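Asker: Our numbering applies: residue 61 is where the sequence shown begins, and numbers increase by one. Beta carbons are placed, not taken as given, at the ideal position from N, Cα and C, and that holds for glycine. As the structure is a prediction and not an experimental result, all values here were calculated from the model.
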Amino acid sequence: MKTRILSVLVVFFGAVLLMSFTPQDQKKGGAWDIPAKYQKMKNPTKADDASLQKIGKMMWAKHCKSCHGGNGEGDGPKAKQLKTFPGNFTSKDFKANSDGALYFMSFVGRDEMPNFEKKLTTEEDRWAIVNYIKTF
61 MKTRILSVLV VFFGAVLLMS FTPQDQKKGG AWDIPAKYQK MKNPTKADDA SLQKIGKMMW
121 AKHCKSCHGG NGEGDGPKAK QLKTFPGNFT SKDFKANSDG ALYFMSFVGR DEMPNFEKKL
181 TTEEDRWAIV NYIKTF
């Protein structure tokens with residue numbers, strides 16, 4: 061009986077200690093200031109199977125999934141390490157963004173969202189990721 065109580069206490073205090081090292085209250089990012097140039101950009105890449113599955117999904121898994129999660133809900137394994145919640149791409153507010161705004165947010169970035177212009181150098185890859193993001 062004593063060992064069972066001791067085990068429960070160890071698990072409880074271990075959980076409390078572990079939770080103290082993970083951010084519980086990430087702040088929500090402020091509104092993005094998207095330049096007019098990007099607001100007006102049109103996506104030249106058709107959202108077909110090649111764009112979505114062969115390029116967009118693959119690039120998402122390589123560059124975005126670790127923070128934004130498999131379904132764009134901001135629950136990737138690195139997300140808890142961030143001071144700012146990486147966003148929920150399934151939300152109505154997020155889906156209201158233009159393709160150009162998504163492009164700017166995804167590749168120019170700001171604050172904890174890094175700039176990916178040197179990592180994703182082709183327009184085809186960038187627009188394929190925008191197309192993939194829009195499927196969430």
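Take residue 145 and list the residues in its own chain whose beta-carbon comes closer than 8 angstroms to its own, dropping the five residues that flank it on each side.
Answerer: 86, 87, 88, 89, 134 and 139
Asker: Would you identify the three-state DSSP class for residue 119, choosing helix, strand or coil?
Answerer: helix
Asker: Going by other Cβ atoms of all chains shown within 10 Å of its Cβ, with 16 needed for buried, is residue 91 buried or exposed?
Answerer: exposed
Asker: Our contact map puts residue 143 next to residue 172 with C-beta atoms below 8 angstroms; I'd like the distance itself, whole angstroms only.
Answerer: 6 angstroms
Asker: So residue 160 is in the alpha helix (DSSP H); what residue range does that whole segment cover?
Answerer: For residue 160, the enclosing alpha helix (DSSP H) stretches over residues 159-163.
Asker: Is the distance from the Cβ of residue 188 to the Cβ of residue 101 below 8 angstroms?
Answerer: Cβ atoms of residue 188 and residue 101: not closer than 8 angstroms.
Asker: Helix, strand or coil: which one does DSSP assign to residue 211?
Answerer: This structure leaves residue 211 out entirely; the chain is present only between 61 and 196.
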